[in-house]
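Student: Structure incoming, see below.
2 protein chains.
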Amino acid sequence: MRVAIDAMGGDHAPSQIVKGALAAAREWSDTELLLVGDTAQIEPLFEGNKPANVTIVHADDVIGPDDEPVKAVRRKKRSSMVVAGTLVREGKADAMLSAGNTGALMTTGLLIVGRIDGIERPALAPMLPTMDDVGMLALDLGANMDAKPEHLAQYAVMGSIYRAKVHGMNNPRVGLLNVGTEAMKGNELTKAAYTLLEQAPINFIGNVESRDVLLRNCDVLICDGFAGNIMLKTMEGTASVVMRGVRDAIMSSFLTKLAGAIIKPKLASMRAKMDYKEHGAGPLLGVNGLVLKCHGSSNDQAVKNAVGKARTAIQSRLVEAIASEFSRK
Amino acid sequence: MRVAIDAMGGDHAPSQIVKGALAAAREWSDTELLLVGDTAQIEPLFEGNKPANVTIVHADDVIGPDDEPVKAVRRKKRSSMVVAGTLVREGKADAMLSAGNTGALMTTGLLIVGRIDGIERPALAPMLPTMDDVGMLALDLGANMDAKPEHLAQYAVMGSIYRAKVHGMNNPRVGLLNVGTEAMKGNELTKAAYTLLEQAPINFIGNVESRDVLLRNCDVLICDGFAGNIMLKTMEGTASVVMRGVRDAIMSSFLTKLAGAIIKPKLASMRAKMDYKEHGAGPLLGVNGLVLKCHGSSNDQAVKNAVGKARTAIQSRLVEAIASEFSRK
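In order, the protein sequence lines correspond to chains F and R. For the first sequence, the numbering used here assigns the number 1 to the initial residue and increments by one for each residue that follows. For the second sequence, the numbering used here assigns the number 1001 to the initial residue and increments by one for each residue that follows.
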């Protein structure tokens, strides 16, 4: 297996990316890692100990976090992200991963790697944390804010295949993010999507409410990018405010401070559990190759985990399964 | 001042509604309360002690929580909600309030009370809790899930007038609910609305993120009903899950249980602070008369508070101010 890694993308690139790649290379000797980026910056990070299964693929340009995605991908052909995408398209890598500009990565998927026949729009599908630690796949949480009902229906099919193939989940429950559980709830988009989802080859359980997402009210959550991001950011902000309130309560007396020593580690672990940033890489589903998006703040551990995810997805033949489903239409 | 109260709407109608009206009548002797509903059910609740400023207006029909709004308002002319709306339209009441079916109340506002000239669509504008206890007016959080950019711009003007007139707030900050604070963030709706909001006669501070709503990142939050409801329900669910985790942490040892006795009341008060249901009645802005929606689970205290809000809004001449602003267009 060959996994191309955009060594220059993300807040902690290239050092943490390279460190994570090194750890992955040591863990999985059957996997060849192609580190794409500026050789002059990457090479010294190995301090002369580059494992045999790591190759540096030189790319002298970088797409920055503020670059306009489509323009950047079209013009920066020698950027680390576009070069990594090209390796996938040309079959020289089985997967690519990047912690760089999300919009640019989606554009790389679309324009460089290419869509699977029959897919109207690829979707970014990260795992959201749930209190039972199983997690929920949510899509689209990418850079496309608006979606059509047909897009949501395709997201549902792709998400179901992902959970079945990569997570070995039997008959994953698909829910449509909505403001109520009744069938005709919602806006024009969700009402039209509901009808399509009922007809799709999935286990559609109907509308689900954002209030119960942390309790894993479904296994695949379908939403447009705008609603999904509103939900994620509300979760983050609410958890943060409540935790701050709890901290203040703990600091209020001698006894509570004592007890705080016991309570705090439990709270910290709950907090970590709820932090979707820590849940690693999400696939860009619907493109003709494996593309994984790591969070911008990914450290070495996150990069190593992402390589592990890429391995599982390659072995499960995920892309082939999605292509086969949509070729039948 | 005369305030019409739908005595039959809400989970605890008519008993809690009547009890609240009684408390309000005793507190404000200058206010005449018109209790609209089934005399046979309402009269006995006074146990012979009906204050002089309370009048029962008989209405023998009721709109239920599951009634289809438009159909119900059109057909149930003798329902307590429609009769209360008619009192406002005919100038026999200065305001009405109801804890009944939200969609039906919005329809009553639209079809019975009528729109203010120039307003395309009325909006429900409840106060959301914020950690500083000041609160934030958010609209639309009503039954209209979809909105056009022009609607959002009108919501912003109405919401600003409400906070200025009713809350005495100087130059309230208007924010557009979005997935990022940069100007061109968001979906097609928010992008188009942004441009209109920049031109509106308001203090527009730009896009605001749902993660900071509890910290009162603006005074008037503009959103479509779908996004707003997703946000509210995510807040509710996340707060509930985190609180449950904290409770479990408190129960984990003898010392933490002891400390819990001190921490718990503080947590309960924070929880109450965050519960938007407790923040009482929200106005339906844009209709040609004062219409207040109380939460379905309103108890007597909530009803009494709503009467107090109605009094303030009547005294501030809110409806006249909105009508005057839009007649200039």
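Think of the CB as a built atom: it goes at the ideal place given N, C-alpha and C, for glycine as much as any other residue.
(1) Which parts of the segment 1127-1193 of chain R are runs of the alpha helix (DSSP H), unbroken and 4 residues or longer, counting only runs that do not cross its ends?
(2) Taking the alpha carbon of N1101 of chain R as the reference point, which residue from R:G1114, R:M1081, R:D1094 has its own alpha carbon closest?
(3) Using a beta-carbon distance below 9 Å, is V213 of chain F in contact with chain R?
(4) Please compile the residues from chain R whose C-beta is within a distance smaller than 7 Å of the C-beta of A235 of chain F.
(5) Compare the beta carbon distance of G1037 of chain R and I1063 of chain R with 9 Å and say whether it is the shorter of the two.
(6) Where DSSP assigns a beta bridge to F204 of chain F, which residues make up the other side?
(7) Do you know offhand how far A7 of chain F's Cα is from A1156 of chain R's?
(8) Tell me which residue opens and which closes the beta strand (DSSP E) that S98 of chain F is part of.
(9) Please go through the same chain and pick out, in chain order, the residues whose beta-carbon is closer than 6 Å to the beta-carbon of G1114 of chain R, but skip the five residues on each side of it.
(10) Helix, strand or coil: how does DSSP classify S79 of chain F here?
(11) Give the straight-line distance between the Cα atoms of V1242 of chain R and A1281 of chain R, rounded to the nearest whole angstrom.
(12) Going along chain R, which residues have a C-beta under 7 Å from I263 of chain F?
(13) Starting from A1259 of chain R, find everything on chain F with Cβ-Cβ shorter than 9 Å and list it in chain order.
(14) Go ahead and pull the three-state DSSP assignment for E1198 of chain R.
(15) For the ligand ATP, I want to know if G1010 of chain R counts as a neighbour, meaning its beta carbon is within less than 8 Å of at least one of the ligand's heavy atoms.
(16) How would you write the range of the alpha helix (DSSP H) that G1286 of chain R sits in, first residue to last?
(17) Please name the residue or residues paired with I222 of chain F in a DSSP beta bridge.
(18) Would you call R1317 of chain R buried or exposed, if buried means 16 or more other Cβ atoms sit within 10 Å of its Cβ?
(19) Could you give the distance in angstroms between the alpha-carbon of K19 of chain F and the alpha-carbon of A302 of chain F?
(20) Below 8 Å, can you find three or more Cβ-Cβ pairs linking the segment 106-125 of chain F to the segment 307-314 of chain F?
(21) Keeping to the same chain, check which residues put their C-beta closer than 6 Å to that of G260 of chain F; ignore five residues upstream and five downstream.
(22) Is S1324 of chain R close to chain F, meaning its C-beta is less than 9 Å from at least one C-beta of that chain?
(23) So, for T256 of chain F: in the same chain, excluding its five sequence neighbours on each side, which residues have a beta-carbon less than 6 Å away from its beta-carbon?
(24) Using a Cβ-Cβ cut-off of 9 Å, state whether E1150 of chain R counts as contacting chain F.
(25) Anyone know if the C-beta pair for L1124 of chain R and M1106 of chain R falls short of 9 Å?
(26) Going along the segment 217-233 of chain F in order, which residues come within less than 7 Å of chain R, judged by CB to CB distance?
(27) Quick one: residues in its chain with C-beta nearer than 8 Å to the C-beta of A52 of chain F, no 5 flanking neighbours on either side, listed in chain order?
(28) By the criterion of Cβ-Cβ separation under 8 Å, what are the contact partners of G245 of chain F in chain R?
(29) Using the C-alpha atoms, what's the distance from S297 of chain F back to H12 of chain F?
(30) Looking at chain F, is there any beta carbon in it that lies within less than 9 Å of the beta carbon of V1088 of chain R?
(31) Quick check on the DSSP output: what are the complete beta strand (DSSP E) runs of length 3 or more inside the segment 1021-1087 of chain R, in order along the chain?
(32) Tell me whether the beta-carbon of I1161 of chain R lies closer than 9 Å to the beta-carbon of A1306 of chain R.
(33) From which residue to which residue does the alpha helix (DSSP H) around D1300 of chain R run?
(34) Quick check: what's the CA-CA separation for L1189 of chain R versus L1152 of chain R?
(35) Sort R:G1245, R:D1248, R:S1240, R:N1207 by Cα distance to I230 of chain F and report the nearest one.
(36) Is it buried or exposed for T195 of chain F, if we count other Cβ within 10 angstroms and need 16 for buried?
Tutor: Straight from the coordinates:
(1) 1149-1165
(2) R:M1081
(3) yes
(4) A small correction: the amino acid at residue 235 of chain F is Met; Ala does not occupy that position in the sequence shown. Residues of chain R passing the Cβ test: T1234, T1238.
(5) no
(6) F:V174
(7) 45 Å
(8) 95-98
(9) N1288
(10) strand
(11) 27 Å
(12) A1249, I1250, T1256
(13) I250, S253, L255, T256, K257, L258, A259, G260, I262, I263
(14) helix
(15) Absence of the ligand ATP from the depicted structure is noted, as is the absence of any ligand whatsoever, leaving it without description.
(16) Looking at the DSSP string, G1286 of chain R is not in any alpha helix (DSSP H), and its letter there is neither H nor E.
(17) F:L139, F:L176
(18) exposed
(19) 10 Å
(20) no
(21) I250
(22) no
(23) I250
(24) no
(25) yes
(26) F226, A227, N229, I230, M231, K233
(27) none
(28) M1131, K1266, L1267, M1270
(29) 7 Å
(30) no
(31) 1032-1037, 1054-1058
(32) no
(33) 1300-1315
(34) 9 Å
(35) R:N1207
(36) exposed
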